[in-house]
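Numbering (our numbering), first residue to last: 2 to 309.
No residue lacks a Cβ here, since even glycine has one placed at the ideal position from N, Cα and C.
Fair warning: this is a prediction, and the values are worked out from it, not measured in the lab.
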Amino acid sequence: MADKRRSSRPGVNLARRKALKSLATGIGVMALPAPQVSASVWAAFFQKHFRELSRDDLERVLARLEKTCQEEYGRSVTVKATPPLDGVRFGYGLDLSRCIGCRRCVHACVAENNQSRHPQIHWIRVVRLQKDKGIDFDHAEHYYDPPQVPEEGHFYLPVQCQQCDRPACTRACPVQATWVEPDGIVAIDYNWCIGCRYCMAACPYGGRHFNWEKAVIPAGELNPDMHYLGNRPRPVGVVEKCTFCIQRTREQPGRYPACVEACPVGARKFGNLLDPKGEIRQLLEHQRVFVLKQELNTQPKFFYFFAT
């Protein structure tokens with residue numbers, strides 16, 4: 002497991018130290034945890050990068066996270082670090098001719114991935130567009146609230162992390178807290194993120210979200226099945242995003258992300274791009290698909306299409 006996680010780019014620790022030193026110089030004081038905070042907070046702050054953790058280190062980190070969550074939410078949780086599956090590269094398809102803009106995918110994502118209810122954080126945004134204008138984001142509406150959907154003369158375009166093969170966000174990160182996993186998921190080590198938000202500025206899809214305040218998740222609504230790189234509760238001051246429900250899709254091969262299961266009209270498709278007989282490959286081979294902002298050459302693995 003440790004070998005699969007190990008970074009192919011040297012100097013991760015040095016990069017983070019340099020970035021923190023620069024930050025401290027800019028603000029005049031290092032924003033370290035206060036002396037009175039618990040030992041677990043200090044342990045998290047000085048933890049190695051995820052890809053540098055040995056198996057024993059990783060087990061200790063996961064045990065610490067489980068203990069912290071249990072103390073905070075009063076219920077038993079499991080935090081795993083299931084590695085990428087061999088021969089798997091995830092891809093996503095979305096049929097815009099079927100999407101009705103109901104936002105059930107948004108609510109399913111919030112529940113599955115322990116997103117903050119207050120302040121609200123949504124990894125999926127659904128925008129309303131006018132049919133006569135096509136995909137024109139100058140006329141996109143994020144906060145539509147009609148009595149009933151779908152609405153005449155409109156169509157809907159959900160946007161989330163596009164899981165790019167050449168993501169601008171990973172290149173912008175000064176501490177290498179975000180990277181592309183072998184299965185194509187763009188991951189974030191939330192314990193390594195310094196909250197500079199450079200990745201947010203670099204992402205052309207608005208797929209990343211900053212956790213400004215302590216997330217409010219009612220204990221009864223907490224999803225106890227967690228992954229280190231996925232839906233564990235994120236600390237304040239870090240960036241978070243869609244991970245293709247890594248806690249589901251890596252743990253049970255063939256299982257869909259929560260948004261796919263929640264879609265009432267079957268507009269969302271998901272699967273292994275390396276499987277020539279899989280649904281996602283059939284979609285790519287028999288539909289006219291496109292990606293958002295293709296001219297940027299970020300090479301997303303999130304494909305849109307209008308079914309023929």
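For Ile189, no alpha helix (DSSP H) segment is defined; the enclosing uninterrupted segment is the beta strand (DSSP E) at Val187 to Ile189.
Contact check between the region 251 to 265 and the region 190 to 208: fewer than three CB pairs, one atom from each, fall below 8 angstroms, which does not count as touching. Looking at the DSSP output, Lys270 sits in a beta bridge with Gly94. Going by DSSP, Gln131 is part of the beta strand (DSSP E) stretching over Arg126 to Gln131. Around the C-beta of Ala268, 16 or more other C-beta atoms lie within 10 Å, and the residue is accordingly described as buried.
Rounded to whole angstroms, the gap between the alpha carbons of Cys170 and Tyr206 is 10 angstroms. Taking a C-beta distance under 7 angstroms as the contact criterion, Ala216 and Ser117 qualify as a contact pair.
CA-CA distance, Asn224 to Phe156, rounds to 32 angstroms.
Listed in chain order, the non-local C-beta contacts of Cys70 below 6 angstroms within the same chain comprise Val78, local neighbours out to five positions each way being set aside.
The distance from the Cβ of Gly154 to that of Lys132 is about 6 angstroms, consistent with a contact at the 8 angstroms cut-off. When the Cα atoms are used, Val237 and Gln177 turn out to be separated by approximately 19 angstroms. Around the beta carbon of Trp213, fewer than 16 other beta carbons lie within 10 angstroms, which makes this residue exposed. According to DSSP, residue pairing for Glu152 in a beta bridge does not occur. The count of Cβ pairs closer than 8 angstroms, one atom from the region 275 to 295 and one from the region 228 to 236, stays below three, leaving the stretches out of contact. Boundaries for His287: no beta strand (DSSP E) harbours it, while the alpha helix (DSSP H) harbouring it runs Glu280 to His287, taken from the DSSP string. Around the beta carbon of Pro219, a 10 Å sphere encloses fewer than 16 other beta carbons of the protein chains shown; the residue is thus reported as exposed.
Here Val160 is not near Cys200, since their CB atoms are 7 angstroms or more apart. Excluding its 5 nearest sequence neighbours in each direction, Tyr145 has C-beta neighbours in its own chain below 6 angstroms: Arg129, listed in chain order. In chain order, Lys270, Ile281, Leu284 and Phe304 place their CB closer than 6 angstroms to the CB of Gly94, counting only its own chain and leaving out the 5 sequence neighbours on each side. A distance of 7 angstroms or more separates the beta carbons of Gly185 and Lys49.
DSSP, reduced to helix, strand and coil, places Leu59 within a helical segment of the structure shown. In the structure shown, Lys81 adopts extended strand secondary structure according to DSSP, grouped into three states. Restricting attention to Cys174, His210 and Glu262, the CA atom closest to the CA of Cys162 is found in His210. From the listed residues Glu182, Ile189 and His287, the smallest Cα separation to Asp87 is found for Glu182.
A Cβ-Cβ distance of about 7 angstroms is found for the pair Thr309 and Gln288, placing them in contact under the 8 angstroms criterion. Nearest C-alpha to Thr244 among Pro147, Thr299 and His123: His123.
According to DSSP, Trp180 shares a beta bridge with Ala188. It is roughly 48 angstroms from the alpha-carbon of Leu59 to the alpha-carbon of Gly135. With 16 or more neighbouring CB atoms inside 10 Å of its own CB, Val107 falls in the buried class.
Within the region 188 to 266, the complete alpha helix (DSSP H) segments of 4 residues or longer fall at 199 to 203, 247 to 250 and 259 to 263, listed in chain order. Here Leu158 carries a strand assignment [DSSP, helix/strand/coil]. Gln164 and Leu63 have their alpha carbons spaced roughly 25 angstroms apart. Tyr305 has Leu95 and Phe291 as its beta-bridge partners, per DSSP.
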